[in-house]
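Student:
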Amino acid sequence: MICNIAVIKGDGIGPEVVSEAMKVLDAVAAKYGHTFNYEQLLMGGCSIDAHGVPLTDEAVARAKAADAVLLGSIGGNTSTSPWYKLPPNLRPEAGLLKIRKELGLFANLRPALLYKELKGACPLKEEIADKGFDMMIMRELTGGLYFGDRETKEIDGVMTAIDTLTYNENEIRRIAIKGFDIAMKRRKKVTSVDKANVLDSSRLWRKVVEEVAKDYPEVTYEHMLVDNCAMQLVKDPAQFDVVLTENMFGDILSDEASMITGSIGMLASASLNETKFGMYEPSGGSAPDIAGQNKANPIATILSAAMMLRYTFDMDKEADAIEAAVQQVLVENYRTCDIVSEGTQLVSCSEMGDLIAERV
Numbered sequence: 022m023i024c025n026i027a028v029i030k031g032d033g034i035g036p037e038v039v040s041e042a043m044k045v046l047d048a049v050a051a052k053y054g055h056t057f058n059y060e061q062l063l064m065g066g067c068s069i070d071a072h073g074v075p076l077t078d079e080a081v082a083r084a085k086a087a088d089a090v091l092l093g094s095i096g097g098n099t100s101t102s103p104w105y106k107l108p109p110n111l112r113p114e115a116g117l118l119k120i121r122k123e124l125g126l127f128a129n130l131r132p133a134l135l136y137k138e139l140k141g142a143c144p145l146k147e148e149i150a151d152k153g154f155d156m157m158i159m160r161e162l163t164g165g166l167y168f169g170d171r172e173t174k175e176i177d178g179v180m181t182a183i184d185t186l187t188y189n190e191n192e193i194r195r196i197a198i199k200g201f202d203i204a205m206k207r208r209k210k211v212t213s214v215d216k217a218n219v220l221d222s223s224r225l226w227r228k229v230v231e232e233v234a235k236d237y238p239e240v241t242y243e244h245m246l247v248d249n250c251a252m253q254l255v256k257d258p259a260q261f262d263v264v265l266t267e268n269m270f271g272d273i274l275s276d277e278a279s280m281i282t283g284s285i286g287m288l289a290s291a292s293l294n295e296t297k298f299g300m301y302e303p304s305g306g307s308a309p310d311i312a313g314q315n316k317a318n319p320i321a322t323i324l325s326a327a328m329m330l331r332y333t334f335d336m337d338k339e340a341d342a343i344e345a346a347v348q349q350v351l352v353e354n355y356r357t358c359d360i361v362s363e364g365t366q367l368v369s370c371s372e373m374g375d376l377i378a379e380r381v
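Add 21 to the 1-based position in the sequence shown for this note's numbering, that's all there is to it.
(1) Considering just the uninterrupted stretch of the beta strand (DSSP E) at Tyr301, what are its terminal residues?
(2) Helix, strand or coil for Met22 per DSSP?
(3) Look up Pro36 in the DSSP assignment and give the residues it is bridged to.
(4) Just to check my reading of the structure: Arg131 and Arg160 have Cβ atoms closer than 8 Å, yes? What is that Cβ distance to the nearest angstrom?
(5) With respect to the beta strand (DSSP E) encompassing Arg83, which residues constitute its N-terminal and C-terminal limits?
(6) Between the region 275-284 and the region 132-147, do at least 3 Cβ pairs fall closer than 8 Å?
(7) How is Ala217 classed by DSSP in three states: helix, strand or coil?
(8) What does DSSP give as the partner residues of Arg109 in its beta bridges?
(9) What residue does the beta strand (DSSP E) around His244 start on, and which one ends it?
(10) Which ranges does the alpha helix (DSSP H) cover as unbroken runs of at least 4 residues, wholly within the region 166-225, from first to last along the chain?
(11) Apply the 10 Å Cβ neighbour rule to Asp151 and answer buried if 16 or more other Cβ atoms are within range, or exposed otherwise.
(12) Leaving out five residues before and five after Arg75 in sequence, what residues of the same chain have Cβ atoms less than 7 Å from its Cβ?
(13) For the structure I just gave you, are there three or more beta carbon pairs, one from the region 33-42 and one from the region 303-323, closer than 8 Å?
(14) Rounded C-beta distance between Arg208 and Asp257? I'm assuming under 8 Å.
(15) Which residue's Cα is closest to the Cα of Ser325: Leu288, Thr296, Glu339, Arg194?
(16) From Ile320 to Leu126, what distance separates their C-alpha atoms?
(17) Decide if Thr266 is buried, meaning its Cβ has at least 16 other Cβ atoms within 10 Å, or exposed.
(18) Who are the Cβ neighbours of Ala48 in its own chain at under 6 Å, not counting the five residues just before and after it?
(19) Could you check whether the region 175-183 touches the region 224-234, counting it as contact only if at least three pairs of C-beta atoms, one from each stretch, sit closer than 8 Å?
(20) Is the beta carbon of Leu124 sitting closer than 9 Å to the one on Val90?
(21) With distances taken Cα to Cα, identify the nearest neighbour of Ser275 among Val39, Ile193, Asn129.
(22) Suppose the cutoff is 7 Å on Cβ atoms and the five residues either side in sequence are ignored; what does the same chain contact list for Leu383 look like?
(23) So, using beta-carbon positions, are Thr222 and Leu186 closer together than 9 Å?
(24) Assuming the contact rule is C-beta atoms closer than 8 Å, Ile158 and Ala133 should be a hit. Round their C-beta distance to whole Å, please.
(25) Counting only runs of 3+ residues fully inside the region 274-322, write out the beta strand (DSSP E) ranges in chain order.
(26) Going along the chain, which residues of its own chain have a beta-carbon closer than 8 Å to the beta-carbon of Ser362, five neighbours each way excluded?
(27) Pull up the DSSP beta-bridge partners for Pro132, would you.
(28) From what residue to what residue does the beta strand (DSSP E) around Leu62 run?
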């Protein structure tokens, strides 16, 4: 099979971790007889440096022409980078919001799985970590507070910032359907997270989710307020299967979920539109403090590439091979610096990529 992949390495550790994911993909191609064609595009700070904007229209067009997008990390140090002296619409993250919108990527899938080999890296109590967890956070990605109207102006002599949170029923329904569809392939439980005791948008969210749930009688579902969900993630994460939520809540909860897996460097991510097209990226940031030092953990990006094979290209056995290779490397006690512990062997970013590629 010939697959055309737009590659956006991005900023910080992005080029390092994406290069290792490409190395693993090449190992898959060699073993299973596929051809992966890569076209590299710029987005984020590197695009600002080259073109003056975080994402050009040409890059968007070329991304749309590909079968899928493999993305690294966007942005830099907000306190020292000159990118953050620019207006908000010209900062690195504006490129990320733009490409999600332009590609129609409304459904973000973030699996959070605690490997038993990394139980010691989990910051939760031993009795909680011993139970393990395997959840999928389904985050709505193109609506809500991040895409609402915003302005900062003076009102009665006082500088006032206004951000608008808006959802319509169609936006909620399509992400809810995706969430229940994913639940049908897993353990058939959905936890819909909102703030319905305060927000009108959450009350509409809850109403639409209840309507969608009627079409999935095999799926158990519940509603949970976001503040309670944040507590339950550290108290009893094993209770969750699919966590369905809106944009900002999902942004926060998925990062919390990533840290209880042992490291944000372990959390993959897929963003899908209404077709099989998707953008695949690690959930962590650009980590400018370790960029260029060959220290980053590439596993999240490698697992994101496995999700690309599974969800866009229907290559289940190839995706299984990557996931099994990651598991094997962990069983053999190889670790990058973020997950290293006594009795394990520290390896670099590129060494971790080599080890996984060899085991595909």
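Even glycine gets a Cβ: it sits at the ideal position worked out from N, Cα and C.
Tutor: On the basis of the coordinates in this document:
(1) 299-301
(2) coil
(3) Pro36 is not bridged to any residue.
(4) 7 Å
(5) That residue, Arg83, is in no beta strand (DSSP E); its alpha helix (DSSP H) goes 78-86.
(6) yes
(7) coil
(8) In the sequence under discussion, the amino acid at residue 109 is Pro, which differs from the Arg named in the question. Answer is none; Pro109 lacks a bridge partner.
(9) 241-246
(10) 190-205
(11) exposed
(12) One point to set straight first is that residue 75 is Pro, not Arg, in the sequence displayed. Closer than 7 Å at the Cβ level, and outside the excluded window around Pro75, lie Met64, Gly65, Ser68, Ile69, Leu111, Arg112, Pro113, Ala115, Gly116.
(13) yes
(14) At roughly 15 Å, the Cβ-Cβ gap does not stay under 8 Å, so Arg208 and Asp257 are not in contact.
(15) Leu288
(16) 23 Å
(17) buried
(18) Ala378, Val381
(19) no
(20) yes
(21) Asn129
(22) Only positions 22 to 381 of the chain appear in the structure, and residue 383 is not among them; the question remains open.
(23) The amino acid occupying residue 222 in the given sequence is Ser; Thr does not appear at that position. Yes, the pair counts as a contact, with Cβ atoms nearer than the cut-off.
(24) 7 Å
(25) 291-293, 299-301
(26) Gly141, Ala142, Arg356
(27) Met157
(28) 56-62
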